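Chemist: If you're matching positions, the sequence shown starts at 1 in my numbering and goes up one per residue.
Backbone N, C-alpha and C define an ideal beta-carbon position, used for all residues, glycine too.
The structure presented is a predicted model; accordingly, all values stated were derived computationally and were not measured.
The structure's right below; bear with me while I get my questions together.
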Amino acid sequence: MTGGGLVPWRALLAEAERELRSASVPSPDVDAWRITEEASGLDGAELLVHLDEPATVRGVARFDRMLARRRAGEPLQHVLGRWGFRTLDLLVDRRALIPRPETEHVVHHALVELDRAVSALGRGAALAGAAPVFGSLSSPDVAKEPKTRRGGTVVDLGTGTGCIALSIAVERPGTSVWATDRSADALELARANLAGTGRAAVDVRLAAGDWYAALPGDLRGRVDVVVSNPPYVAAAEPLDPVVADWEPTDALVPGPTGLEAIEVVVAGAPEWLAPAGALVVEIGAEQGRAAAGLARAAGFTEVEVRPDLAGRDRCLVARAAPAGRKRRQPEPA
C-alpha cells in the first residue's frame with residue numbers, strides 16, 4: 001500500500017490478512033491485527049473505534065514495512081519489536097530467544113518456590129491487595145499470585161531477554177535477583193528491558209559469564225532459588241525454520257543430547273542454594289526422567305517434574321534440604 005491520508009485502517013487490516021494468508025503465515029488474522037495496531041499506535045478497543053478513520057502517511061509507511069517483514073517469514077515478535085510476558089512488555093530481537101508461554105509457567109513455579117523458601121526462614125510479609133493489573137492472556141497464574149515483599153535471593157542463569165529475572169523482580173519487590181548470560185548481545189537486550197521495569201530495576205544485577213562462573217563467590221549457600229531456561233534441544237532434533245533462521249542457535253542447542261546445559265545447571269546448584277532453597281529448570285517434553293535423575297545424582301531428595309498446560313514435562317523442581325537436615329550426598333561420577 002502506498003500513499004496515505006485517505007486509506008482507512010480497516011482497508012489496511014483486510015490487506016494485511018489477505019497478504020499473510022497468501023504467504024501461508026500461521027494465524028494471519030491475529031498477525032494482521034497486531035501489525036495494524038502497531039502501525040496505528042492504537043490498541044484493542046481503541047483501534048476498533050477508529051477502524052474507519054484514514055491512516056496517516058507515517059502509519060501507512062510503518063504498516064508496509066512490518067507487513068513486508070512478516071510476509072518474508074520474520075517472527076511477528078521481531079516485527080513488532082516487543083512482546084508480552086506475564087506483566088511485562090519486553091523488547092525482543094535476534095539477540096535472544098523470544099519469550100514463550102511455557103516459560104511464564106516456569107516463572108510461576110519459581111515464585112512458588114521463592115515464597116516457600118523465604119517463609120521457611122521467617123522472612124517477608126505479604127502486601128495486601130496487590131495484584132498485577134495486566135498480563136499475558138497465556139499466563140492465568142499471574143492473577144492468582146499475591147505480590148510479596150521479600151528479602152530473598154534468586155539467580156536466573158542464561159537470562160536472555162531477562163524475562164524470568166525481571167518478572168521475579170517486579171512480582172516480588174525487594175527480592176535480590178542476579179541474571180547471568182555469556183552472550184554480550186543478550187545482556188545488552190536484558191539491560192534495555194531492565195531499564196523499562198521502573199523501581200524494580202534496583203534489585204536486579206546483570207552479570208556476564210558462563211552459568212555459575214558469572215556469580216560472586218559470596219552468594220554460595222545463600223541463594224533461595226536458582227532458575228533457568230537453558231538450551232535443551234538435541235543437535236539432531238529438527239528446528240522449525242522460523243526458529244532456526246531467526247533465533248540464536250546456541251540458546252537452543254547445547255550439544256548432541258540436549259541435556260548438556262541442564263546437567264551443568266543441576267550439578268552446580270547445591271553449592272549455591274541456601275537451606276530449603278530450590279532449583280527450577282525448564283526442560284524439554286521428553287527430558288523429565290533424565291532431568292530428575294540428574295537432580296537426584298546431584299544430591300537433591302525432593303525432586304518433581306511438573307507439566308505445562310498441554311500436560312507435557314516442562315519444569316524440573318528440586319529442593320535442597322532444610323537447615324539441620326543432612327543433604328543427600330551426590331552420587332559419584
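(1) Closest Cβ-Cβ distance between A201 and chain D: below 8 angstroms?
(2) Does DSSP put L67 in a helix, a strand or coil?
(3) Roughly how many angstroms lie between the CA atoms of W246 and V265, to the nearest whole one?
(4) Is the stretch 46-58 close to the stretch 74-87, with three or more CB pairs under 8 angstroms?
(5) Candidates A208, E19 and A297: which alpha carbon is nearest P270's?
(6) Assuming S176 contacts D203 (C-beta within less than 8 angstroms), just tell me the rounded distance between them.
(7) Quick check: what's the CA-CA separation for A125 versus V154?
(8) Could you tell me if T249 is buried or exposed, where buried requires 16 or more neighbouring beta carbons within 10 angstroms of its beta carbon?
(9) So, is P231 buried or exposed, given that buried needs 16 or more other C-beta atoms within 10 angstroms?
(10) Check whether the Cβ atoms of A186 and G160 sit closer than 8 angstroms, and answer yes or no.
(11) Could you check whether P28 and R34 sit closer than 8 angstroms to each other, using their CB atoms as the reference points?
(12) Looking at the structure shown, is V142 part of a helix, part of a strand, or coil, going by DSSP?
(13) So within the stretch 39-89, which uninterrupted beta strand (DSSP E) runs reach at least 3 residues, ignoring any that extend past its ends?
(14) For P307, count the other beta carbons within 10 Å of its own beta carbon; 16 or more makes it buried, fewer makes it exposed. Which is it?
(15) In whole angstroms, what is the alpha-carbon distance linking E74 and L67?
(16) Cα separation between D52 and L42?
(17) Is P238 helix, strand or coil when you go by DSSP?
(18) To the nearest angstrom, how far is the alpha carbon of R220 from that of P256?
(19) In this structure, how does DSSP classify V30 when only helix, strand and coil are distinguished?
(20) For S167, does the count of other Cβ atoms within 10 angstroms reach 16, so buried, or fall short, so exposed?
(21) Go to A276, then tell me how far its beta strand (DSSP E) extends in each direction, as first and last residue.
(22) Which two residues bound the contiguous beta strand (DSSP E) that contains R314?
(23) Would DSSP call S119 helix, strand or coil?
(24) In three-state terms, what does DSSP make of R94?
(25) Whole-angstrom Cβ separation of N193 and L90, contact assumed at under 8 angstroms?
(26) Per the DSSP calculation, D156 is bridged to which residue(s)?
(27) Give the straight-line distance between the Cα atoms of V223 and L76, rounded to the nearest whole angstrom.
(28) Among residues of its own chain, excluding the 5 on either side of V242, which ones have a beta-carbon nearer than 7 angstroms to its beta-carbon?
(29) Buried or exposed for S24, going by 16 or more other Cβ atoms inside 10 Å?
(30) Give me the Cβ distance between A120 and A276, rounded to the nearest whole Å; I'm assuming they're in contact under 8 angstroms.
(31) Give me, in chain order, the residues of the same chain whose beta-carbon lies closer than 7 angstroms to that of A214; leave out the 5 immediate sequence neighbours on both sides.
(32) Apart from the five residues just before and just after R205, which ones in its own chain have a Cβ nearer than 6 angstroms to its Cβ?
(33) Just tell me which of D313, V30 and G198 has its CA closest to the CA of V284.
Modeler: Let's see:
(1) Protein chains in the displayed structure number just one, and chain D is not present.
(2) helix
(3) 26 angstroms
(4) no
(5) A297
(6) 6 angstroms
(7) Caution is warranted here: a pLDDT of 42 is assigned to A125, below 50, making its placement in the model unreliable, and the coordinate value is therefore given only provisionally. Whole-angstrom Cα-Cα distance: 17 angstroms.
(8) exposed
(9) buried
(10) yes
(11) no
(12) With a pLDDT of 48 at V142, under the threshold of 50, the modelled position of that residue is not reliable, and no figure is offered here.
(13) 82-85
(14) exposed
(15) 10 angstroms
(16) 13 angstroms
(17) coil
(18) 30 angstroms
(19) helix
(20) buried
(21) L273 to E282
(22) D313 to R319
(23) helix
(24) coil
(25) 5 angstroms
(26) A179 and V227
(27) 36 angstroms
(28) G73 and P75
(29) exposed
(30) 4 angstroms
(31) T180, A207 and A208
(32) W178
(33) The sequence as given places Gly at residue 284; Val does not occur at that position. It is D313 whose Cα lies nearest to the Cα of G284.
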